[in-house]
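In what follows, a structure is listed as structure tokens, so that the remarks can point back to it.
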Amino acid sequence: MDPRERFADCTDNELMRCTAAGQKTAYEVLILRHRKAAEGYCLSLIRDEREAEDIVQDSFADIYVQREAYRDTFSFQAYLYAVIRHKASDHLRRAGRSETLDETVLEAVPGREPSPEEEFLRREETDRLAEWIMDLPENYREALYLFCVEGRSYQETALEMGRSVPQVKIWIYRARKKLQKRRMEER
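Everything in the sequence shown is counted per full-length UniProt numbering, starting at 1 for the first residue and increasing by one.
Okay, structure coming up:
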């Protein structure tokens, strides 16, 4: 039996308590649960897949080192995303450059094989949308990503960003309006 199976039904906060008590397997379960979503979130912030993976790995390592200081006041995911957001911000500040949005964030789910012409038009539209999203203020981009791509509720998005629900709703509304306006200008 895989040792991780005994932790499968535990909540994230229970897993962190087990981790703080020295059970490394509990932390492995947390990593398996959250790594992919965390990498997607980080990718939305820094636009570099390899760097996003490194930042997420560093974030998990830092949380593990500080495991005994963890307080379950908020969800583990909110805590993880706050650490990632801080590390991503540091990375961008050190890099001193604006990253381009990696197109993997915006890939559509294929229903059938598109013709070469359809594929070209889709890619052109995706590139244009990625450019417009990059022009949004960082807080708009982050709120839009969490809400639209990650499927978070307004409350979860607000918690992860450390902001109020009304503020997050305003940012998402304004982000959508700006994108709609850009689309209308293109026509």
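Even glycine gets a Cβ: it sits at the ideal position worked out from N, Cα and C.
### Message
Taking its Cβ as the centre, do 16 or more other Cβ atoms sit within 10 Å of Lys87, making it buried, or is it exposed?
### Response
Reading the sequence shown from its first residue, position 87 is the one you call residue 87. With 16 or more Cβ atoms within 10 Å of its Cβ, Lys87 is classed as buried.
### Message
Can you check which of these residues, Tyr64, Tyr145, Leu129, Tyr140, is closest to Trp171 by C-alpha distance?
### Response
Looking up residue 171 in the sequence shown gives position 171. Selected option, being the one with the closest Cα: Tyr140.
### Query
Which class does Arg47 belong to by DSSP, given the choice of helix, strand or coil?
In the sequence shown, residue 47 corresponds to position 47, counting from 1. If DSSP states are grouped into helix, strand and coil, Arg47 belongs with coil.
### Query
DSSP three-state call for residue 189: helix, strand or coil?
The displayed coordinates of the chain run from 1 to 187. Any statement about residue 189 would go beyond what the structure contains.
### Alpha carbon of Tyr41 to alpha carbon of Asp2, nearest angstrom
Position 41 of the sequence shown, counted from the start, is the residue given in the question as residue 41. Position 2 of the sequence shown, counted from the start, is the residue given in the question as residue 2. Cα-Cα distance, rounded: 29 Å.
### Query
With C-beta atoms as the reference, is Asp58 less than 7 Å away from Asn13?
Position 58 of the sequence shown, counted from the start, is the residue given in the question as residue 58. Position 13 of the sequence shown, counted from the start, is the residue given in the question as residue 13. No, they are not a contact pair.
### Query
Thinking just about the alpha-carbon of each residue, which of Gln77, Asp48, Met16, Arg17 is nearest to the one in Ala38?
In the sequence shown, residue 38 corresponds to position 38, counting from 1. Taking only the C-alpha atoms, the option nearest Ala38 is Gln77.
### Query
Three-state secondary structure (DSSP) at Ile172?
Here residue 172 refers to the residue found at position 172 when the sequence shown is read from its first residue. Helix, per DSSP.
### Query
Which term fits residue 205, buried or exposed, when burial requires 16 or more other beta carbons within 10 angstroms of its beta carbon?
Residue coverage of the chain in this structure runs from 1 to 187, which leaves residue 205 outside it and unanswerable.
#### Entry: Where the alpha helix (DSSP H) through Tyr70 begins and ends
Residue mapping note: residue 70 aligns to position 70 of the sequence shown, counting from 1. Here Tyr70 belongs to no alpha helix (DSSP H), and DSSP marks it neither H nor E.
#### Entry: CA-to-CA distance, Leu80 to Glu68, given in whole angstroms
The residue you call residue 68 lines up with position 68 of the sequence shown. The residue you call residue 80 lines up with position 80 of the sequence shown. Computed Cα separation, rounded: 15 Å.
### Close beta carbons around Val165, own chain, < 7 Å, minus the five adjacent residues each side
Working through the sequence shown from its first residue, we reach residue 165 at position 165. The residues are Tyr154, Gln155, Ala158.
### Task
Check Thr126 in the structure and name its three-state DSSP category.
Against the sequence shown, residue 126 aligns to sequence position 126. Of the three classes helix, strand and coil, the one that applies to Thr126 here is helix, per DSSP.
### Message
Taking the alpha-carbon of Val29 as reference, which of Arg6, Ile84, Arg122 has the nearest alpha-carbon?
### Response
Here the question's residue 29 lines up with position 29 in the sequence shown. Checked all of Arg6, Ile84, Arg122; the closest Cα to Val29 is Arg6.
### Message
So Trp132 and Leu179 are supposed to be a Cβ contact under 8 Å. How far apart are they, rounded?
### Response
As a working mapping, residue 132 is identified with position 132 in the sequence shown. As a working mapping, residue 179 is identified with position 179 in the sequence shown. Between Leu179 and Trp132 the Cβ distance is about 6 Å, and since that is below 8 Å, they are a contact.
### Buried/exposed call for Ala8, threshold 16 Cβ in 10 Å
Looking up residue 8 in the sequence shown gives position 8. Classification of Ala8: exposed, given that the 10 Å Cβ count is below 16.
### Task
Compute the Euclidean distance between the alpha carbons of Glu142 and Gln23, then round it to the nearest angstrom.
Locating residue 142 in the sequence shown gives position 142, counting from the first residue. Locating residue 23 in the sequence shown gives position 23, counting from the first residue. Cα to Cα, the separation comes out at about 33 Å.
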